[in-house]
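Peer 1: Add 51 to the 1-based position in the sequence shown for my numbering, that's all there is to it.
Provided herewith is a single structure, encoded as structure tokens, for subsequent inquiry.
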Amino acid sequence: MSVKTDEAAPPRGRTPVRTVEVSGPPSRGSRVTRKGTLPYLLLLPALGLTAVFLGYPLVTNGMLSFQNLNMTQLIQHVTEWNGFANYADALGNDTFWRVTLRSVIFTVVNVVVIIVVGTLVGLLLARLGSKMRLLLSIALVLAWAMPIIAATTVYQWLFAQRFGVVNWVLAKLGFDSMADYNWTGTQLSTFFVISLLLVWTSVPFVAINLYAATTTIAQELYEAAALDGAGAWQSFKNVTFPFLKPFLMVATFLEVIWIFKAFPHVFAINQGGPDRLTETLPVYAFVEGVGNQHYGAGAAISVLTILILLALMSYYLRLVIRQESADEAEGSEKSKGGRA
Numbered sequence: 052m053s054v055k056t057d058e059a060a061p062p063r064g065r066t067p068v069r070t071v072e073v074s075g076p077p078s079r080g081s082r083v084t085r086k087g088t089l090p091y092l093l094l095l096p097a098l099g100l101t102a103v104f105l106g107y108p109l110v111t112n113g114m115l116s117f118q119n120l121n122m123t124q125l126i127q128h129v130t131e132w133n134g135f136a137n138y139a140d141a142l143g144n145d146t147f148w149r150v151t152l153r154s155v156i157f158t159v160v161n162v163v164v165i166i167v168v169g170t171l172v173g174l175l176l177a178r179l180g181s182k183m184r185l186l187l188s189i190a191l192v193l194a195w196a197m198p199i200i201a202a203t204t205v206y207q208w209l210f211a212q213r214f215g216v217v218n219w220v221l222a223k224l225g226f227d228s229m230a231d232y233n234w235t236g237t238q239l240s241t242f243f244v245i246s247l248l249l250v251w252t253s254v255p256f257v258a259i260n261l262y263a264a265t266t267t268i269a270q271e272l273y274e275a276a277a278l279d280g281a282g283a284w285q286s287f288k289n290v291t292f293p294f295l296k297p298f299l300m301v302a303t304f305l306e307v308i309w310i311f312k313a314f315p316h317v318f319a320i321n322q323g324g325p326d327r328l329t330e331t332l333p334v335y336a337f338v339e340g341v342g343n344q345h346y347g348a349g350a351a352i353s354v355l356t357i358l359i360l361l362a363l364m365s366y367y368l369r370l371v372i373r374q375e376s377a378d379e380a381e382g383s384e385k386s387k388g389g390r391a
């Protein structure tokens with residue numbers, strides 16, 4: 052607040068007149084400017100690190116995708132630019148589109164299973180007592196914190212053809228034909244093992260986040276729903292789900308990215324086999340680029356993978372932005388109502 056005083060020479064015999072100008076609180080525009088600038092300043096360090104550690108590899112990979120880079124050019128240190136030839140070869144190849152369709156189906160199936168199982172486990176955590184909740188939380192954290200390659204090795208042991216625990220248990224239960232079953236011998240059985248591994252390592256993240264979301268729901272809402280005669284399903288639909296919806300949208304968004312780009316889970320189980328029938332787009336790019344030493348072609352496939360993922364996420368990203376805008380508008384209305 053500032054005070055401005057103007058004093059004029061008073062006429063003779065009269066009391067001087069003092070004009071006082073009092074400025075009000077800072078204008079809305081200045082508050083918005085200060086408030087709007089601070090988040091961007093706080094984001095600058097993260098943006099700088101992202102540009103260095105993520106932006107540089109992306110730019111380098113993008114440049115490689117426009118080159119004819121095989122082992123010959125790599126040894127001779129020769130750069131041969133070939134324009135969009137790598138992209139044209141990839142898009143004109145039927146194998147690329149089969150792998151793309153396979154990757155999309157693989158992602159949809161696994162994300163649906165992860166979200167459903169994660170939600171059920173999260174709701175179970177909210178219902179358990181403190182001791183059982185602690186034990187289950189520790190088990191979830193251990194499963195989530197295990198390194199990917201270590202978890203993959205465990206699954207390879209579990210589903211080994213001759214000495215695997217799963218085959219031994221199934222044989223003991225009376226399924227004698229499963230005693231020496233080769234789980235990585237067919238496309239579906241290999242995908243089954245990979246999906247189990249992905250679900251096992253992804254469910255803890257969803258479950259713990261959703262349990263945290265349930266702690267924000269006031270118990271009075273459940274009591275009011277019970278007084279209105281709501282059953283378990285109606286209570287979940289009308290009370291729990293509206294609170295969990297934003298968390299579910301974010302979890303689904305992250306899981307789609309996680310599953311679509313999953314490489315070590317898929318490659319370490321059977322290297323994309325049998326007969327390259329379990330290759331998803333990241334594995335296909337690695338096999339074509341590094342395995343077959345067509346580095347430019349592999350770089351082009353990886354760029355196309357990123358573009359396909361962005362296209363798949365664009366619709367879902369719109370939903371998330373709309374949800375956030377609706378939440379902000381609702382919060383603004385409640386704030387106005389409270390002040391009134």
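All C-beta atoms in this analysis are idealised placements derived from N, C-alpha and C, irrespective of residue type, glycine included.
Predicted model only: the values in this text are computed from it and were never measured.
With a cut-off of 8 Å on the beta carbons, I'd call Val371 and Phe294 a contact; round off their distance for me.
Peer 2: Contact doesn't hold; Cβ gap of about 16 Å is too wide.
Peer 1: Given this structure, state the Cα-to-Cα distance separating Phe243 from Tyr273, to the nearest angstrom.
Peer 2: C-alpha separation (whole angstroms): 39 Å.
Peer 1: Output the distance between the C-alpha atoms of Thr66 and Leu94, rounded to the nearest integer angstrom.
Peer 2: Confidence at Thr66 is low in this model, with a pLDDT of 48, below 50, so the placement of that residue should be treated as unreliable; the coordinate-derived value is given next. Cα-Cα distance, rounded: 58 Å.
Peer 1: Between which residues of its own chain and Arg184 is the CB-CB distance below 7 Å, once the five residues before and five after are set aside?
Peer 2: The answer, listed in chain order, is Leu176.
Peer 1: Pick out the complete alpha helix (DSSP H) segments inside the stretch 207-288, 4 residues or longer, and give them in chain order.
Peer 2: Qualifying alpha helix (DSSP H) stretches, in chain order: 216-223, 238-265, 270-278, 283-286.
Peer 1: Which one of Phe104, Ala102, Val220, Tyr335 has the shortest CA to CA distance from Trp148?
Peer 2: Out of Phe104, Ala102, Val220, Tyr335, Tyr335 has the C-alpha closest to the C-alpha of Trp148.
Peer 1: If you measure between the beta carbons of Ala362 and Ser116, is that distance less than 8 Å?
Peer 2: Contact: no.
Peer 1: If I measure Cβ to Cβ from Ala258 and keep anything under 7 Å in the same chain, skipping five residues before and after, which residues do I get?
Peer 2: Gly169, Val172, Gly173, Leu176, Leu191.
Peer 1: Alpha carbon to alpha carbon, how far is His345 from Leu187? Give it in angstroms, no decimals.
Peer 2: The alpha-carbon atoms of Leu187 and His345 are separated by roughly 47 Å.
Peer 1: Would you call the CB atoms of Ile308 and Leu355 closer than 8 Å?
Peer 2: Cβ atoms of Ile308 and Leu355: not closer than 8 Å.
Peer 1: For Arg327, report the span of its alpha helix (DSSP H) as first-last.
Peer 2: No alpha helix (DSSP H) contains Arg327, which DSSP labels as neither H nor E.
Peer 1: Is Ile310 near Thr235, with beta carbons less than 8 Å apart?
Peer 2: No, these two residues do not count as a Cβ contact at 8 Å.
Peer 1: Whose C-alpha, out of Leu278, Val103, Pro315, Val167, is nearest the C-alpha of Thr203?
Peer 2: Among Leu278, Val103, Pro315, Val167, the Cα nearest to that of Thr203 belongs to Pro315.
Peer 1: Quick check on Glu381: does DSSP put it in helix, strand or coil?
Peer 2: It is helical.
Peer 1: Answer yes if the stretch 278-289 comes into contact with the stretch 155-167, meaning at least three C-beta pairs across the two stretches below 8 Å, and no otherwise.
Peer 2: The stretch 155-167 is not in contact with the stretch 278-289.
Peer 1: So the alpha helix (DSSP H) Leu125 belongs to, where does it begin and stop?
Peer 2: Leu125 -> alpha helix (DSSP H) spans 122-127.
Peer 1: The alpha helix (DSSP H) spanning Leu295 covers which residue range?
Peer 2: First-last of the alpha helix (DSSP H) with Leu295: 292-311.
Peer 1: When the Cα atoms are used, what is the spatial distance from Ala264 to Asn112?
Peer 2: Using only the alpha carbons, I get a separation of about 39 Å.
Peer 1: In whole angstroms, what separates the C-alpha of Glu306 from that of Ser253?
Peer 2: Computed Cα separation, rounded: 8 Å.
Peer 1: List the DSSP bridge partners of Trp148.
Peer 2: DSSP lists no partner for Trp148.
Peer 1: DSSP on Gln344, reduced to helix/strand/coil?
Peer 2: Here Gln344 sits in coil by DSSP.
Peer 1: Tell me the rounded alpha-carbon separation between Gly324 and Leu105.
Peer 2: Rounded to the nearest angstrom, the two C-alpha atoms are 30 Å apart.
Peer 1: Helix, strand or coil, according to DSSP, for Arg373 in the structure here?
Peer 2: Three-state DSSP puts Arg373 in a helix.
Peer 1: Taking Cβ positions, are Ile207 and Tyr232 nearer each other than 8 Å?
Peer 2: Sequence inspection shows Gln at residue 207; the Ile mentioned does not correspond to that position. No, the pair does not count as a contact, with Cβ atoms beyond the cut-off.
Peer 1: With respect to the alpha helix (DSSP H) encompassing Gly113, which residues constitute its N-terminal and C-terminal limits?
Peer 2: Gly113 -> alpha helix (DSSP H) spans 107-115.
Peer 1: Cβ of Ala348 within 8 Å of Cβ of Asn137?
Peer 2: Their beta carbons are under 8 Å apart, which means Ala348 touches Asn137 by this criterion.
Peer 1: Check the DSSP bridge columns for Gln118 and list the partner residues they point to.
Peer 2: Trp132, per the DSSP bridge assignment.
Peer 1: So Pro198 is in the alpha helix (DSSP H); what residue range does that whole segment cover?
Peer 2: Element bounds for Pro198: n/a, residue is neither H nor E.
Peer 1: I'd like the list of long-range same chain contacts for Gln238, defined as Cβ closer than 8 Å, with 5 residues on each side in sequence excluded.
Peer 2: Closer than 8 Å at the Cβ level, and outside the excluded window around Gln238, lie Pro325, Leu328, Thr329.
Peer 1: Could you check if Ser154 is buried or exposed, using at least 16 other CB atoms within 10 Å of its CB as the buried criterion?
Peer 2: By the neighbour-count rule (16 or more Cβ atoms within 10 Å), Ser154 is buried.
Peer 1: When you compare each of Gly180, Leu247, Val317 to Leu209 by their alpha carbons, which one comes out closest?
Peer 2: Ranking Gly180, Leu247, Val317 by Cα distance to Leu209 puts Leu247 first.
Peer 1: Report, in whole angstroms, the separation of the C-beta atoms of Thr151 and Leu332, which I expect to be a contact under 8 Å.
Peer 2: Right, the Cβ-Cβ distance comes to about 6 Å (below 8 Å), so this counts as a contact.
Peer 1: Please list, in chain order, all residues of the same chain as Val250 whose beta carbon is under 6 Å from its beta carbon, the five residues on each side excluded.
Peer 2: The residues are Val164, Ile165.
Peer 1: Assign Glu339 to one of two classes, buried (16 or more other C-beta atoms within 10 Å of its C-beta) or exposed (fewer than that).
Peer 2: Glu339 comes out buried.
Peer 1: Could you tell me which of Pro297, Ile352, Lys182, Tyr91 sits nearest to Glu379, measuring between CA atoms?
Peer 2: Ranking the options by Cα distance to Glu379, first place goes to Pro297.
Peer 1: Does Ile245 pass the burial test, meaning 16 or more other C-beta atoms within 10 Å, or should it be called exposed?
Peer 2: When all chains shown are included, Ile245 counts as buried.
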